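**Student:** Sharing a structure here in structure tokens format.
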Amino acid sequence: MKAFVLAEHTDAARGLCAAARTVADDVTLVAIGDVAVPESCADEVAKIALPEGNAVENAAETVCALADEEAPEVVFAEPTRRLKIVAGRLAAHLGASVITDVTALNDGVAESMYFGGLANRKMKAVGKAVYTMTCANYAEAPASGANAVKEVAWVEPANAVKVVSREPIVKSGIDLTKADVVVSAGRGFAEEEQLDIARALCDKLGAGLGCTRPLTEGVDWLPRETYIGVSGLTISPKVYIAAGVSGQMQHMVGCNTAGTIFAINTDKNAPIFKQCDYGIVGDLKTVLPAITEAL
Ligand SMILES: Cc1cc2nc3c(=O)[nH]c(=O)nc-3n(C[C@H](O)[C@H](O)[C@H](O)COP(=O)(O)OP(=O)(O)OC[C@H]3O[C@@H](n4cnc5c(N)ncnc54)[C@H](O)[C@@H]3O)c2cc1C
């Protein structure tokens, strides 16, 4: 069986090639743009150079043309925003089944988390399959292959997306994707000034300060790159302390792989209490300073 792997990051490329190897005897890593290709991970590395001004999404036609040539029966795509677009268009082109956010594949059965990690769902693709897949479960799995390089000819897209400009975001504070401890603020913070009590706890713990989406897009109290969830960051710190966070699925998918989750909420029925390891029913204005004081 032939598998395609679409990945933007080196770790994901390696992990997804390892996942692909569990079902396919012929693995092609499709490397779009300047992806750093891991050593010995696939039989073939199909390199697609992005012409100046083209977004990664524009490579969809080129990937489809490559699929016409190589006829993959299964595709593993890293779930980045751009590759989800490419994978979606490839799935339509192949007439393939699509299963998203897969965490593991066993005997053709794809597992994915559901309801923000409250449930596991198992589904099976019929015929050709495109999976968007996280590679955490395959971090240690063996990837192998000669990495034979093939330069793929660019197919000009019918409706291109042009990159007009790129500007790095100036980030402040601790990188939440690398922090061991993250304190996360939700709408339980009634005023911007109250965030100082979360900052004080962060200082004590050497933690990063994250938040739910409403604290960025709603009121602009914290930078947008600090919100966690389905449309924000996905993080796996050792410790996640959620204060005044209700635990909606869109938020929890971004943090439910944290080692230990603590929740502080005034509402004993808040959904987060079903998803945390330790919960305190209480007002964050008294609980957070008490924890900071006790440390
Ligand atoms: C398409 C889509 C994508 C989304 N993507 C994201 C995303 O990526 N990330 C994200 O975070 N959200 C996202 N959302 C929004 C998400 O659905 C929730 O609305 C949001 O996560 C709720 O934020 P919250 O928990 O801070 O607020 P709320 O749900 O309002 O919860 C506030 C909590 O604070 C508690 N509280 C109140 N006062 C106190 C106090 N003094 N002390 C302690 N607790 C208190 C309350 O009991 C309540 O449980 C998305 C929504 C949509 C529709």
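Going by this note's numbering, the first residue of the sequence shown is number 952, and it counts up by one from there. Glycine is no exception: its CB is placed at the ideal position from the N, C-alpha and C atoms. Just so we're clear, the structure is a prediction, and the values are computed from it rather than from any experiment.
1. Identify whether GLU1062 lies in helix, strand or coil by the three-state DSSP scheme.
2. Reducing DSSP to helix, strand and coil, say where LEU1056 ends up.
3. Are VAL981 and VAL1007 closer than 8 Å when you measure CB to CB?
4. Given that a residue counts as buried once 16 or more other Cβ atoms are within 10 Å of its Cβ, and exposed if not, what is ASN1071?
5. How is THR1031 classed by DSSP in three states: helix, strand or coil?
6. Look up GLU1168 in the DSSP assignment and say whether it is helix, strand or coil.
7. Go through its chain and collect everything with a Cβ distance to CYS1086's Cβ below 6 Å, but skip five positions before and after it.
8. Is it buried or exposed for LEU1045, if we count other Cβ within 10 angstroms and need 16 for buried?
9. Kindly give me the distance between the Cβ atoms of ILE1250 and ALA1194, rounded to whole angstroms, as I take these residues to be in contact under 8 Å.
10. Considering only the beta carbon of each residue, do VAL1133 and LEU1127 sit closer than 8 Å?
11. Cα separation between SER991 and LYS1075?
12. If you measure between the beta carbons of ALA1221 and SER1182, is that distance less than 8 Å?
13. Could you tell me whether the Cβ atoms of GLU1024 and MET1084 are closer together than 8 Å?
14. Under the rule that 16 or more other beta-carbon atoms within 10 Å means buried, what is PRO1188, buried or exposed?
15. Got a sec, what are the start and stop residues for the alpha helix (DSSP H) CYS1153 sits in?
16. Once the 5 residues before and after GLY984 are set aside, which same chain residues still bring their CB inside 7 Å of it?
17. Are there three or more Cβ pairs, one per stretch, closer than 8 Å when the stretch 1028 to 1045 is compared with the stretch 1132 to 1148?
18. Please state the DSSP three-state secondary structure of ARG1138.
19. Ends of the alpha helix (DSSP H) at ALA1099?
20. Which runs of the beta strand (DSSP E) spanning at least 3 residues fall entirely within the stretch 966 to 999, listed in chain order?
21. Just checking HIS1044 against ligand 1 - is the residue's beta carbon closer than 7 Å to any of the ligand's heavy atoms?
22. Does at least one heavy atom of ligand 1 sit under 7 Å from the Cβ of VAL1170?
**Tutor:** In short, the structure shows the following:
1. For the purposes of this step, residue 1062 is taken as residue 111 along the sequence shown, with counting starting at 1. Correct three-state label for GLU1062: strand.
2. The residue labelled residue 1056 in the question sits at position 105 within the sequence shown. DSSP places LEU1056 within a strand segment (E or B) once states are collapsed to three.
3. If you number the sequence shown from 1, residue 981 lands on position 30. If you number the sequence shown from 1, residue 1007 lands on position 56. Cβ atoms of VAL981 and VAL1007: not closer than 8 Å.
4. Taking the first residue of the sequence shown as 1, we reach residue 1071 at position 120. That one is exposed.
5. Taking the first residue of the sequence shown as 1, we reach residue 1031 at position 80. Three-state result, THR1031: coil.
6. Here residue 1168 refers to the residue found at position 217 of the sequence shown. In the structure shown, GLU1168 sits in coil (DSSP, three-state: anything other than H, G, I, E or B).
7. One-based indexing of the sequence shown puts residue 1086 at position 135. Cβ neighbours of CYS1086 beyond the five flanking positions: ALA963, GLY966 and LEU967.
8. In the sequence shown, residue 1045 corresponds to position 94, counting from 1. The residue is buried, with at least 16 neighbouring Cβ atoms inside 10 Å.
9. Residue numbering for the chain in the displayed model covers 952 to 1246; residue 1250 lies beyond these limits and cannot be assessed.
10. Translated into the one-based positions of the sequence shown, residue 1133 becomes position 182. Translated into the one-based positions of the sequence shown, residue 1127 becomes position 176. Yes, these two residues count as a Cβ contact at 8 Å.
11. Position 40 of the sequence shown, counting from 1, holds the residue named residue 991. Position 124 of the sequence shown, counting from 1, holds the residue named residue 1075. For the pair SER991 and LYS1075, the Cα-to-Cα distance works out to about 29 Å.
12. The residue you call residue 1221 lines up with position 270 of the sequence shown. The residue you call residue 1182 lines up with position 231 of the sequence shown. No. Outside cutoff.
13. Indexing the sequence shown from 1 puts residue 1024 at position 73. Indexing the sequence shown from 1 puts residue 1084 at position 133. No, the Cβ-Cβ distance between GLU1024 and MET1084 is not below 8 Å.
14. Counting from 1 along the sequence shown, the entry for residue 1188 is found at position 237. Buried.
15. Here residue 1153 corresponds to residue number 202 of the sequence shown, with the count starting at 1. In the DSSP assignment, CYS1153 falls within the unbroken alpha helix (DSSP H) covering 1146 to 1156.
16. Sequence index remark: in the sequence shown, residue 984 carries index 33 (1-based). Closer than 7 Å at Cβ, skipping near neighbours: LEU1001 and VAL1007.
17. With contact defined as three or more Cβ pairs closer than 8 Å, the stretch 1028 to 1045 and the stretch 1132 to 1148 are not in contact.
18. On the sequence shown, position 187 is the one that residue 1138 refers to. If DSSP states are grouped into helix, strand and coil, ARG1138 belongs with coil.
19. The count along the sequence shown starts at 1 and reaches residue 1099 at position 148. Element bounds for ALA1099: not the alpha helix (DSSP H) but the beta strand (DSSP E), 1099 to 1102.
20. 977 to 983 and 995 to 999
21. Stepping through the sequence shown from its first residue, residue 1044 is reached at position 93. No.
22. Counting from 1 along the sequence shown, the entry for residue 1170 is found at position 219. Outside the cutoff, so no.
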